[in-house]
Amino acid sequence: MSLIRQTAVAGTFYPSEPRKLSAMIKHFFEDANARIPSNDHAPKAIIAPHAGYVYSGANAALAYARLKPAAKTIKRVVLLGPSHKVSLKGVALSSANAFATPLGEIPIDYNGAQQIIDLPQVQVSDKCHAEEYSLEVQLPFLQVVLDQFKVLPVVVGDCPPFQIAEILDILWGGSETLIVISSDLSHFMDYNSARDLDDVTAHAIETMSPENINDNQACGRHPLKGFLALAKQRNLHVKTLELCNSGDTTGNKAKVVGYGSWAFFEQVDFEAKTHALMNEHGKTLLKLAAQSIQHGLTTELPLAFNPAKYPKALDAPGASFVTLRLKGQLRGCIGSFQHQRPLAEDVAKNAFASAFCDHRFEPLRSEELADLELSISILSPLIPMDVRDEKDLISQLRQKVDGLIIEDMGKRALFLPSVWSQFPKPEDFLGHLKAKATMTSRQWSHNFKASRFITTEIFANGQDAVALWTQTK
Numbered sequence: 001m002s003l004i005r006q007t008a009v010a011g012t013f014y015p016s017e018p019r020k021l022s023a024m025i026k027h028f029f030e031d032a033n034a035r036i037p038s039n040d041h042a043p044k045a046i047i048a049p050h051a052g053y054v055y056s057g058a059n060a061a062l063a064y065a066r067l068k069p070a071a072k073t074i075k076r077v078v079l080l081g082p083s084h085k086v087s088l089k090g091v092a093l094s095s096a097n098a099f100a101t102p103l104g105e106i107p108i109d110y111n112g113a114q115q116i117i118d119l120p121q122v123q124v125s126d127k128c129h130a131e132e133y134s135l136e137v138q139l140p141f142l143q144v145v146l147d148q149f150k151v152l153p154v155v156v157g158d159c160p161p162f163q164i165a166e167i168l169d170i171l172w173g174g175s176e177t178l179i180v181i182s183s184d185l186s187h188f189m190d191y192n193s194a195r196d197l198d199d200v201t202a203h204a205i206e207t208m209s210p211e212n213i214n215d216n217q218a219c220g221r222h223p224l225k226g227f228l229a230l231a232k233q234r235n236l237h238v239k240t241l242e243l244c245n246s247g248d249t250t251g252n253k254a255k256v257v258g259y260g261s262w263a264f265f266e267q268v269d270f271e272a273k274t275h276a277l278m279n280e281h282g283k284t285l286l287k288l289a290a291q292s293i294q295h296g297l298t299t300e301l302p303l304a305f306n307p308a309k310y311p312k313a314l315d316a317p318g319a320s321f322v323t324l325r326l327k328g329q330l331r332g333c334i335g336s337f338q339h340q341r342p343l344a345e346d347v348a349k350n351a352f353a354s355a356f357c358d359h360r361f362e363p364l365r366s367e368e369l370a371d372l373e374l375s376i377s378i379l380s381p382l383i384p385m386d387v388r389d390e391k392d393l394i395s396q397l398r399q400k401v402d403g404l405i406i407e408d409m410g411k412r413a414l415f416l417p418s419v420w421s422q423f424p425k426p427e428d429f430l431g432h433l434k435a436k437a438t439m440t441s442r443q444w445s446h447n448f449k450a451s452r453f454i455t456t457e458i459f460a461n462g463q464d465a466v467a468l469w470t471q472t473k
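Have a look at this one:
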């Protein structure tokens with residue numbers, strides 16, 4: 001049975017008649033578009049207010065209009081807003097299959113919900129969603145500016161920033177995922193006091209300082225502070241779009257509510273960042289991997305990792321695979337797909353594991369070093385794929401570009417992009433990955449999950465490999 005979450009504030013916060021609602025939003029966008037640079041790119045995340053459209057709609061439109069360049073790219077919106085109607089500890093998902101507005105129904109991102117459902121701060125509560133307007137008022141803007149997309153609505157109650165950051169980090173994805181934080185600012189102060197306090201909040205957002213946002217500064221402070229903590233960690237760039245309050249739109253300046261909109265941009269894409277990293281520190285990583293293997297041959301133990309010995313750039317969380325080849329044949333390949341420990345440490349541990357812990361091979365012997373070649377692959381964050389069936393998955397795969405991880409019924413396997421050289425046809429690539437996971441060729445269930453990633457690689461082969469093993473003896 002399909003459960004649809006119906007509108008709660010259509011006809012009060014915004015028009016309930018579809019044509020009037022669409023016309024109002026398009027009018028907001030016309031004004032907003034005139035203020036957007038022609039060469040601007042779409043943000044990764046936005047903060048937008050959630051009051052009635054006559055009060056804050058024009059302000060919100062300044063954020064949503066910036067999504068137009070990614071209208072066809074964005075397939076999932078992770079939407080977080082505060083709980084106004086129900087006392088809540090942690091966060092609440094909905095059991096609905098779709099959320100309705102006068103402009104139609106938006107399907108729920110079931111796969112995204114499954115990624116976070118087991119976290120202790122997450123629960124399912126339709127009561128929390130039934131009358132909550134902080135999420136609902138954002139949906140018509142999304143429907144007008146985006147093409148086809150799914151939404152993951154999250155009502156946020158009393159929840160510490162690190163728990164919100166944990167949720168968003170899991171759901172971060174790539175360019176297909178947009179994050180929306182719904183929040184108004186100061187409440188029921190006189191006009192000048194509200195402007196002063198909202199300036200303080202804006203500065204905290206611009207400097208990504210969640211610790212400087214107090215209870216009276218934003219009703220959506222809990223999702224806002226958690227997002228800011230993660231945005232700072234991920235080195236996002238923020239742009240303030242506009243600050244105003246209800247006194248600017250109604251003229252009544254005795255008791256006002258503050259509104260603000262912001263756009264957050266990812267500064268450097270993965271390929272550019274990791275190519276630069278490998279150009280500067282790739283040889284260091286290769287030497288570290290070789291030292292870890294040499295240490296294992298001598299002691300049969302992993303190399304004790306000391307971050308102080310390595311450049312600070314290699315101390316950031318990373319995921320890597322280390323591949324060993326002996327006279328051109330695979331000799332070991334072990335890695336990580338989660339960015340959970342410093343990249344240098346990850347490489348050192350995976351190098352040892354590739355040499356001595358790959359169950360497909362006997363532990364490496366010292367006499368094999370002379371002909372041993374080494375490569376390191378640095379993985380991007382996983383990007384969950386929204387796929388209907390196997391045919392859809394195959395059609396989305398980018399040959400010689402995508403690595404792929406699949407999971408179904410407790411079975412999981414991963415192929416690096418380098419495996420395309422062995423299986424250049426997407427159907428063969430997926431078929432052999434299924435076999436690696438001990439799945440049947442026809443295996444597919446409604447819980448089947450697929451995530452893509454890309455890699456940057458560095459090699460030590462031929463004379464470079466010989467020199468490497470000699471230097472690390």
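Under this note's numbering, think of the first position of the sequence shown as 1, with each following residue one higher.
The beta-carbon is built from N, C-alpha and C at its ideal position, and this holds for glycine as well.
Check, Outcome
"Is proline 153 buried or exposed, if buried means 16 or more other CB atoms sit within 10 Å of its CB?", "buried"
"Does the distance from the C-beta atom of leucine 374 to that of alanine 467 stay below 8 Å?", "no"
"Going by DSSP, what residue range makes up the beta strand (DSSP E) through valine 200?", "From DSSP, valine 200 is part of no beta strand (DSSP E) but of the alpha helix (DSSP H) over 191–206."
"With DSSP run on the structure shown, which of helix, strand or coil describes histidine 281?", "helix"
"Determine, using beta carbons only, whether leucine 286 and glycine 318 come nearer to each other than 8 Å.", "no"
"How would you write the range of the beta strand (DSSP E) that arginine 76 sits in, first residue to last?", "76–82"
"Tell me the rounded alpha-carbon separation between histidine 359 and methionine 439.", "19 Å"
"Under the criterion of a Cβ to heavy atom distance below 7 Å, does alanine 34 qualify as lining the ligand NAP?", "This structure lacks the ligand NAP, and indeed carries no ligand of any kind."
"In this structure, does DSSP put histidine 446 in helix, strand or coil?", "coil"
"In the DSSP assignment, the beta strand (DSSP E) including lysine 349 goes from what residue to what residue?", "Careful: lysine 349 lies outside any beta strand (DSSP E), inside the alpha helix (DSSP H) at 343–356."
"Check for me: the alpha helix (DSSP H) holding tryptophan 469 runs from which residue to which?", "462–471"
"For glycine 247, collect the residues of the same chain with a Cβ closer than 7 Å to its Cβ; drop the 5 residues on either side in sequence, then sort them by chain order.", "Tyr191, Lys253, Val256"
"Less than 6 Å between C-beta atoms, sequence neighbours within five positions excluded: which residues of the same chain meet that for leucine 297?", "Ser366"
"Might you give, ordered along the chain, the residues of its own chain that have their beta carbon closer than 7 Å to the beta carbon of glutamine 138, omitting 5 neighbours on each side?", "Ala48, His50, Leu79, Val180, Ser182"
"Taking the C-alpha atoms as reference points, what is the distance between proline 311 and leucine 393?", "39 Å"
"Considering tyrosine 64, what are the terminal residues of the alpha helix (DSSP H) in which it resides?", "53–64"
"Based on Cα-Cα distance, which residue from Ser16, Leu303, Val77, Leu67 lies nearest to glycine 52?", "Ser16"
"Between the Cα of valine 347 and those of Ala370, Ile376, Lys150, spot the shortest distance and give me the residue it belongs to.", "Ile376"
"Just curious, the alpha helix (DSSP H) that serine 134 is in, first and last residue?", "133–136"
"Here's a check: name, in chain order, each residue in its chain whose Cβ is nearer than 6 Å to the Cβ of proline 363, leaving out the five neighbours to either side.", "Phe356"
"Output yes or no for whether 8 Å exceeds the beta carbon distance between glutamine 143 and glycine 90.", "no"
"Measure from the alpha carbon of glutamate 457 to the alpha carbon of each residue in Thr274, Gly431, Leu404, then state which is nearest.", "Thr274"
"Give me the DSSP bridge partner(s) of threonine 323.", "Cys333, Ser375"
"I want to know whether the segment 116–129 touches the segment 158–168 - three or more CB-CB distances under 8 Å.", "yes"
"So, phenylalanine 453 versus serine 380, is the Cβ gap smaller than 8 Å?", "yes"
"Alpha carbon to alpha carbon, how far is lysine 75 from methionine 24? Give it in angstroms, no decimals.", "24 Å"
"When burial is assigned at 16 or more other CB atoms within 10 Å of the CB, is phenylalanine 188 buried or exposed?", "exposed"
"For glycine 328, which option in Phe459, Ala42, Glu131 has the closest C-alpha, if you only look at C-alpha atoms?", "Phe459"
"Give me, in chain order, the residues of the same chain whose beta-carbon lies closer than 8 Å to that of serine 445; leave out the 5 immediate sequence neighbours on both sides.", "Asp408, Met409"
"Helix, strand or coil for threonine 249, going by three-state DSSP, please let me know.", "helix"
"What residue from Lys44, Ile406, Met278, Tyr133 has the CA that sits closest to glutamate 476's CA?", "Here the chain comprises residues numbered 1 to 473, so residue 476 is not present and cannot be evaluated."
"With 16 as the cutoff for other CB atoms within 10 Å, does leucine 314 come out buried or exposed?", "buried"
"Excluding the five sequence neighbours on either side, which residues of its own chain have a C-beta within less than 7 Å of the C-beta of leucine 3, listed in chain order?", "Ser95, Ala96, Asn97"
"Please report how far the alpha carbon of glutamate 211 lies from the alpha carbon of glutamine 291, in whole angstroms.", "42 Å"
"Spatial neighbours of phenylalanine 474 within its chain, please: C-beta separation below 6 Å, excluding the five flanking residues on both sides.", "The displayed coordinates of the chain run from 1 to 473. Any statement about residue 474 would go beyond what the structure contains."
"Could you check the C-alpha separation between methionine 385 and leucine 185 for me, to the nearest Å?", "35 Å"
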